[in-house]
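The next block holds one structure in the form of structure tokens; read it before the comments.
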Amino acid sequence: MEDYYEIERTRAQALLLFNKKWTKHLKTQSRISSYHTTKRAQLDTIRIAKHLARIDDNRCDALKTVINNYRTLVDETYMHVNFGRRFEHCRFREFRKLFKDAHASVVKSEKSLDKLRDRVFRAEQSLLNANRAVEKVIHDESSNERKRFNKSDTQIKCENQLKQLKEKVAHAEQNLDNTKQTYRKRAKQIFAQCQQVEEQRLEQIREILLMFTQTIHLQKYAPEIEQVYEELISNISTQQNSLEDLAFWAKMYGIEEDESAAISLSKVESQTTVKNASGELRSSRASVIANNSTIDNEQEQSKDREELLAAKIS
Numbered sequence: 037m038e039d040y041y042e043i044e045r046t047r048a049q050a051l052l053l054f055n056k057k058w059t060k061h062l063k064t065q066s067r068i069s070s071y072h073t074t075k076r077a078q079l080d081t082i083r084i085a086k087h088l089a090r091i092d093d094n095r096c097d098a099l100k101t102v103i104n105n106y107r108t109l110v111d112e113t114y115m116h117v118n119f120g121r122r123f124e125h126c127r128f129r130e131f132r133k134l135f136k137d138a139h140a141s142v143v144k145s146e147k148s149l150d151k152l153r154d155r156v157f158r159a160e161q162s163l164l165n166a167n168r169a170v171e172k173v174i175h176d177e178s179s180n181e182r183k184r185f186n187k188s189d190t191q192i193k194c195e196n197q198l199k200q201l202k203e204k205v206a207h208a209e210q211n212l213d214n215t216k217q218t219y220r221k222r223a224k225q226i227f228a229q230c231q232q233v234e235e236q237r238l239e240q241i242r243e244i245l246l247m248f249t250q251t252i253h254l255q256k257y258a259p260e261i262e263q264v265y266e267e268l269i270s271n272i273s274t275q276q277n278s279l280e281d282l283a284f285w286a287k288m289y290g291i292e293e294d295e296s297a298a299i300s301l302s303k304v305e306s307q308t309t310v311k312n313a314s315g316e317l318r319s320s321r322a323s324v325i326a327n328n329s330t331i332d333n334e335q336e337q338s339k340d341r342e343e344l345l346a347a348k349i350s
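Position one of the sequence shown corresponds to residue 37 (our numbering), numbered consecutively onward.
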């Protein structure tokens, strides 16, 4: 969003620079190129960039508000970790601890079961050794009755111990299953809380995106933009007048000093609107033909003006 804001801000600044550059250029250029109503129309056309820049500035201000709202939301929702190198949700550690505490009973039951299974393995090894000892003493003719009794007693003890351990393992397995079921219920409750927080976060992102899209949507500014162009078109259509410009031009060079010596404007041929490489509108006039017209008898006094006019017509 900030990158898009910079693009819009740069565009507004470029429009203002365009307006300043070409307004200055048009005002300082020779009157031979453009004058009177045509010049005003050209200035109005250039100044439209200033109006568009104002509209872009308003849109940039609205975009800045959206960006500031987003930053506030980010600051409220996330916190910097690892010396600010990444963001972490403000409730991430809280939920992680809830899951860890809920799962602790499962871990404890699993460890107890693992210890019992290890004891069962050792008891099975002890019983295996006791069975071998009994079998060995039975086949040993030199062994006495007491020795046989001791080996047999050891065998019975190993069998009883193994039986007890297996019963404990079965009980521990059942306890682990119950603990896991309890954990699943608790985990679902915690997950439901996580979903509520995540839904809120996603809805906030959705609202920000909608605000951003609605702000940059040109249709919102369409009536204002349309008004700018309509006013320009109206000004050019109603205020730019080529015949009035020709009369102004004639008076400016002293050709039309009174009605008796005026050049008939109905016999004037004009050629206008030539666009140069820099995008400036220039006007060039064709030769002005005046049949049976008389210029003032004061030829000596207006000689300089006639020479300037001849240079322009040629």
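All residues carry an ideal CB built from backbone N, CA and C; glycine is no exception.
Using the three-state DSSP reduction, which class does residue i fall into: helix, strand or coil?
i	result
Y71	coil
D150	helix
S13	Shown here, the chain extends from 37 to 350; a query on residue 13 therefore has no answer.
S162	helix
N277	coil
D179	Per the sequence presented here, residue 179 reads as Ser, with Asp not at that position. DSSP places S179 in coil when its eight states are reduced to three.
H363	Residue 363 lies beyond the residue range present for the chain, which begins at 37 and ends at 350; the question has no answer from this structure.
I291	coil
H207	helix
M247	helix
A48	helix
To the nearest angstrom, how far is it from the Cα of residue i to the Cα of residue j?
i	j	result
I261	K287	38 Å
S188	Q217	44 Å
R242	F131	24 Å
H253	I291	55 Å
F248	S278	47 Å
S179	S162	21 Å
Q276	V264	17 Å
H251	E235	The question names His, yet the displayed sequence has Thr at residue 251. Cα to Cα, the separation comes out at about 24 Å.
L152	K136	24 Å
Y289	R76	20 Å
E38	I103	7 Å
Q225	P259	52 Å
D92	A228	45 Å
N94	K221	53 Å
I174	E203	31 Å
V170	N196	16 Å
K199	D154	14 Å
Y41	L245	14 Å
T108	V143	40 Å
A283	I269	23 Å
H207	D213	10 Å
V110	Q240	10 Å
A140	Y219	9 Å
V233	A98	28 Å
R122	L201	51 Å
H116	A138	27 Å
R67	E266	28 Å
E209	E181	42 Å
T64	T74	15 Å
N105	Y114	14 Å
H125	R237	10 Å
I272	T46	29 Å
K172	C194	17 Å
K57	R90	17 Å
D150	E177	43 Å
Q255	T274	28 Å
K211	F185	It is worth fixing the name first, because residue 211 is Asn in this sequence and not Lys. If I take the Cα positions, the gap works out to 39 Å.
C230	E112	17 Å
Nearest by alpha-carbon distance to residue i: which of the options is it?
i	options	result
L134	T251, A258, A223 and E266	A223
T215	A283, H125 and S148	S148
C96	Y257, R182 and L79	Y257
L62	L79, R47, H72 and R107	L79
E44	H72, K199, S141 and K100	K100
T59	R121, Y71, S141 and I82	I82
W285	Q65, E209, H72 and T46	H72
D281	C194, N118 and S69	S69
E146	F185, V205, K56 and N186	V205
For residue i, is the beta carbon positioned less than 6 Å from some heavy atom of the ligand MN?
i	result
L52	The ligand MN is not part of the structure shown, which contains no ligands of any sort.
- request: Jot down the residue ranges of each uninterrupted beta strand (DSSP E) in the segment 80-143, minimum 3 residues, whole runs only, in chain order.
  value: The qualifying runs are 114-117 and 122-125.
query: Is the segment 121-137 in contact with the segment 155-169, if contact means three or more CB pairs nearer than 8 Å?
result: Using a C-beta cut-off of 8 Å, the segment 121-137 makes no contact with the segment 155-169, since fewer than three inter-stretch Cβ pairs fall below that distance.
query: Any contact of the segment 159-179 with the segment 187-207, i.e. 3+ C-beta pairs under 8 Å?
result: They touch, by the three-pair rule.
message: Does the contact criterion of 3 or more C-beta pairs under 8 Å hold for the segment 70-90 versus the segment 43-60?
response: Yes, they touch.
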